[in-house]
Amino acid sequence: MARRGKCSVCGSKQWHKSPSSGLIMCSEGHVLQNYRNETTEVTELGPHHMRKRTLKSGREKKERQSKADPKVYHGERARFHFYQCLQLILRMQAAALTRLWQLPPEFERICRDIWALHLSLLPNPPVAEPLLYLQDGLGPSSSKPSAKLEREQRGKDSDGHESEHSKKSEMTADSSSSDSSSDFDYDSGLDELMRENSATPSSSEQEDEGNPKKRKGPVPITSKRPTFSRHDTPASTISVLVVACWTLRLPVMYIDFIRIIESYDLPYLDALRLVPEAMLRHLRKQTAQALSPFYPPSTLYLHNLSSRLSKLMYSTYDVYTPEMNAAPILWKAVRSLQGTPTLYVLTKRLARLVSIPLTLHRTLAPALKCTKKRDPGFHKHDNAVPEVSLIATVIVVMKMVYGMDGQLRRPRENEDPACALPTLKDVLRAIKNAEAADLKHAPAFSMETQRSVLDMDDKMLDEYLAFCEKALLPREDNMPRKCLVIPSSEQQRIKVRSSTKRNDGSIPSNPTANAIDEGDNHLRPGEQYAIYSTQDLLGSFPADMELVFSRAAKWAGVDDNYVSGVVERFERRVLRWWDRQQRKERAERATASASD
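Quick look at the structure:
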């Protein structure tokens with residue numbers, strides 16, 4: 005602040021600046037006239053502002069050291085290694101199943117071919133060969149220059165920049181005119197850049213920014229972390245085994261695979277203990293968890309995977325999966341409900357009338373006969389589990405004969421097939437005995453029972469300890485051995501247990517047949533047939549029907565509601581067939597009466 009004298013009003017020499025207004029005042033409060041307050045704040049960069057040029061140092065930066073384990077695979081290489089582990093587990097499963105069920109050697113070849121088709125039919129199939137280390141997470145055509153080349157290129161750039169700067173400094177030292185001209189050029193160029201930055205963008209540029217498709221320039225490559233879908237789970241190997249068994253027309257069900265998985269006879273649970281150590285060291289934590297499921301797959305999940313695989317094999321490569329070997333499985337379904345050969349014949353006839361699906365997918369079955377243009381080529385709910393469809397047909401026949409609604413039904417003619425069937429009382433008693441026998445002879449490791457170790461006897465404890473030794477202890481060589489099948493003593497024990505099951509829950513040798521009712525005191529079989537809707541949440545089934553549904557659901561490995569839903573579909577299908585038959589008979593009678 006410039007030197008000031010006395011105040012022209014009071015003669016004071018003490019001055020101070022007001023912080024609010026910025027004016028200079030004396031001690032008495034008189035304002036100093038003709039004072040100009042200037043600020044040194046710069047809001048805009050002027051044309052004559054000097055900048056100090058800074059030079060880049062040639063010091064090389066240290067590369068960032070990664071703390072990741074170099075042995076663990078990532079990206080597409082990890083996904084390829086994941087499928088390698090799945091393929092090894094599939095080979096163990098095929099070998100174990102061949103020895104366990106005494107299958108022909110062609111079974112492993114069929115599994116190999118179906119596995120190759122399964123890999124090619126995935127939504128995101130794995131690469132044919134693992135990508136290189138440096139290309140993980142990048143596109144196939146992109147590549148990274150090595151660090152050595154980067155350092156050499158950086159060194160050349162720095163040397164060239166220094167030499168250019170030295171030449172410019174020599175030229176600027178020669179004459180001041182050249183210096184002023186260069187400054188003028190620099191300032192004019194800066195003004196041009198500032199003018200371009202301050203200018204508002206045009207409408208065409210705004211449209212280009214709003215539309216990303218019109219943008220020019222290279223699009224950056226974004227690396228996406230690979231995710232595993234439901235088709236990449238270890239259950240896909242079980243679906244390959246299922247399709248292979250169907251190809252050989254083996255009478256197997258999904259519950260058969262689930263039971264041998266629970267008993268650790270088929271490698272599925274904690275399968276990593278069978279994988280060699282050389283392959284385990286490359287697995288990530290997430291991949292290792294994906295290869296070690298805690299529970300066996302459900303019946304519906306296996307059916308979804310198997311039906312999808314068979315459908316894609318047929319639609320893509322024209323590889324047809326045969327129908328189910330229905331005769332043995334239908335007999336097993338009849339015997340699970342304590343039925344007789346007469347019930348088997350009746351069920352077989354009804355299944356033919358209502359076109360029960362016997363294929364893994366409805367597209368593999370022949371189309372329905374269409375008499376009108378609007379007639380569908382297939383039924384709406386033909387993708388049910390095949391064994392559930394068979395046992396649901398058995399339940400429909402039992403409802404026709406017995407009713408199972410609290411009202412007694414008796415035949416009135418000798419030709420009625422119900423005369424060759426036992427009474428409902430004997431059938432229900434046999435089903436209850438079979439349930440008790442299954443609970444009594446269930447293995448100690450079964451997930452269906454809540455048995456405690458304190459409730460086991462010495463024999464059951466020995467079986468449980470043998471199971472723990474097989475399931476929990478690590479393998480010595482960590483490689484698949486030829487003795488993956490259970491020992492002969494345990495096989496004999498299982499055979500004895502299964503034979504005991506069959507003998508404990510069967511109908512007596514001389515059951516009481518349905519008596520013929522010559523009067524009208526009781527309903528006839530098939531009369532007043534009741535269809536229960538599964539959509540009724542507040543309703544309930546009769547006690548006899550609930551017992552039959554529970555038994556059928558445990559036999560097929562599904563829920564009771566699923567069985568009741570399939571039964572309702574087939575009942576309505578039978579009702580439509582019966583209505584068509586009645587209309588056809590009425591039309592024939594009308595035609596005959598008109599001709600007479």
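First residue of the sequence shown: 5, per my numbering; consecutive thereafter.
Each residue gets a CB set at the ideal place from its N, CA and C atoms; glycine is no exception.
What span of residues does the alpha helix (DSSP H) with residue i cover, start to end?
{"i": "H85", "result": "G79 to L104"}
{"i": "C11", "result": "Neither: C11 is in no alpha helix (DSSP H) and is coded neither H nor E."}
{"i": "M549", "result": "A547 to A560"}
{"i": "Y536", "result": "Where Y536 is concerned, there is no enclosing alpha helix (DSSP H), given that its DSSP letter is neither H nor E."}
{"i": "M328", "result": "First-last for M328: undefined, no H or E at that position."}
{"i": "Q585", "result": "D564 to S599"}
{"i": "S240", "result": "A239 to T251"}
{"i": "S124", "result": "E110 to S124"}
{"i": "A388", "result": "Careful: A388 lies outside any alpha helix (DSSP H) and carries neither H nor E."}
{"i": "C472", "result": "D462 to L476"}
{"i": "N128", "result": "Here N128 belongs to no alpha helix (DSSP H), and DSSP marks it neither H nor E."}
{"i": "P345", "result": "P345 to L357"}
{"i": "K436", "result": "L428 to K444"}
{"i": "D73", "result": "Unbroken run through D73: none, as it is neither H nor E."}
{"i": "D260", "result": "Y258 to E266"}
Among the options, which one has its Cα closest to the Cα of residue i?
{"i": "L90", "options": "H307, Q293 and T325", "result": "Q293"}
{"i": "L304", "options": "A248, A120 and V389", "result": "V389"}
{"i": "R576", "options": "V358, V35 and A275", "result": "V358"}
{"i": "L477", "options": "R83, D274, V570 and C14", "result": "D274"}
{"i": "P326", "options": "N128, T363, Q342 and V349", "result": "T363"}
{"i": "P533", "options": "Q411, R288 and R277", "result": "Checking the displayed sequence, the identity of residue 533 turns out to be Tyr instead of Pro. The option with the nearest alpha carbon to Y533 is Q411."}
{"i": "S537", "options": "P529, D466, P546 and E531", "result": "P546"}
{"i": "A470", "options": "T453, F449, Q454 and L458", "result": "F449"}
{"i": "L664", "options": "H445, M317 and G343", "result": "The structure shown does not extend to residue 664, since the chain is modelled only from 5 to 600, so the question has no answer here."}
{"i": "R81", "options": "H34, M283 and I28", "result": "M283"}
{"i": "Y324", "options": "P300, R339 and T367", "result": "T367"}
{"i": "R416", "options": "M451, P529 and I535", "result": "P529"}
{"i": "H445", "options": "I28, E467, D583 and V431", "result": "E467"}
{"i": "D117", "options": "A72, Y321 and G9", "result": "Y321"}
{"i": "T346", "options": "Q290, E110 and D420", "result": "D420"}
{"i": "D442", "options": "T453, Q106 and N128", "result": "T453"}
{"i": "N565", "options": "M464, H34, W581 and S544", "result": "S544"}
{"i": "K289", "options": "Y77, A557 and F298", "result": "Y77"}
When you compare the CB positions of residue i and residue j, do they come within less than 8 Å of one another, or not?
{"i": "M549", "j": "M460", "result": "no"}
{"i": "I3", "j": "W559", "result": "The structure shown does not extend to residue 3, since the chain is modelled only from 5 through 600, so no value can be given for it."}
{"i": "A424", "j": "V405", "result": "no"}
{"i": "T397", "j": "I435", "result": "no"}
{"i": "V570", "j": "S393", "result": "yes"}
{"i": "L341", "j": "R413", "result": "no"}
{"i": "P447", "j": "S302", "result": "no"}
{"i": "P238", "j": "L287", "result": "no"}
{"i": "P602", "j": "N329", "result": "Given a span of 5 to 600 for the chain in the structure shown, any question on residue 602 remains unanswerable."}
{"i": "H85", "j": "L313", "result": "no"}
{"i": "H365", "j": "K315", "result": "yes"}
{"i": "R277", "j": "K75", "result": "no"}
{"i": "E439", "j": "R587", "result": "no"}
{"i": "I93", "j": "A248", "result": "no"}
{"i": "A100", "j": "L270", "result": "yes"}
{"i": "D386", "j": "A371", "result": "no"}
{"i": "E32", "j": "S16", "result": "yes"}
{"i": "A120", "j": "F111", "result": "no"}
Check for me: the beta strand (DSSP E) holding residue i runs from which residue to which?
{"i": "K21", "result": "W19 to K21"}
{"i": "M29", "result": "I28 to C30"}
Exercise. Considering only residues of the stretch 394-424, which uninterrupted beta strand (DSSP E) runs meet the minimum length of 3 residues and lie entirely inside it, listed in chain order?
Worked result: none
Problem set entry | Three-pair Cβ contact test at 8 Å for the stretch 343-357 versus the stretch 387-404 | yes
For this session: Examine the Cβ distances between the stretch 306-318 and the stretch 241-254 and report whether three or more of them are shorter than 8 Å.
Result: yes
Exercise. Should the stretch 261-276 be called in touch with the stretch 330-350, which here means at least 3 C-beta pairs below 8 Å?
Worked result: no
For this session: Quick one: which unbroken alpha helix (DSSP H) runs of 4-plus residues sit fully inside the stretch 269-306? Chain order, please.
Result: 281-284 and 289-294
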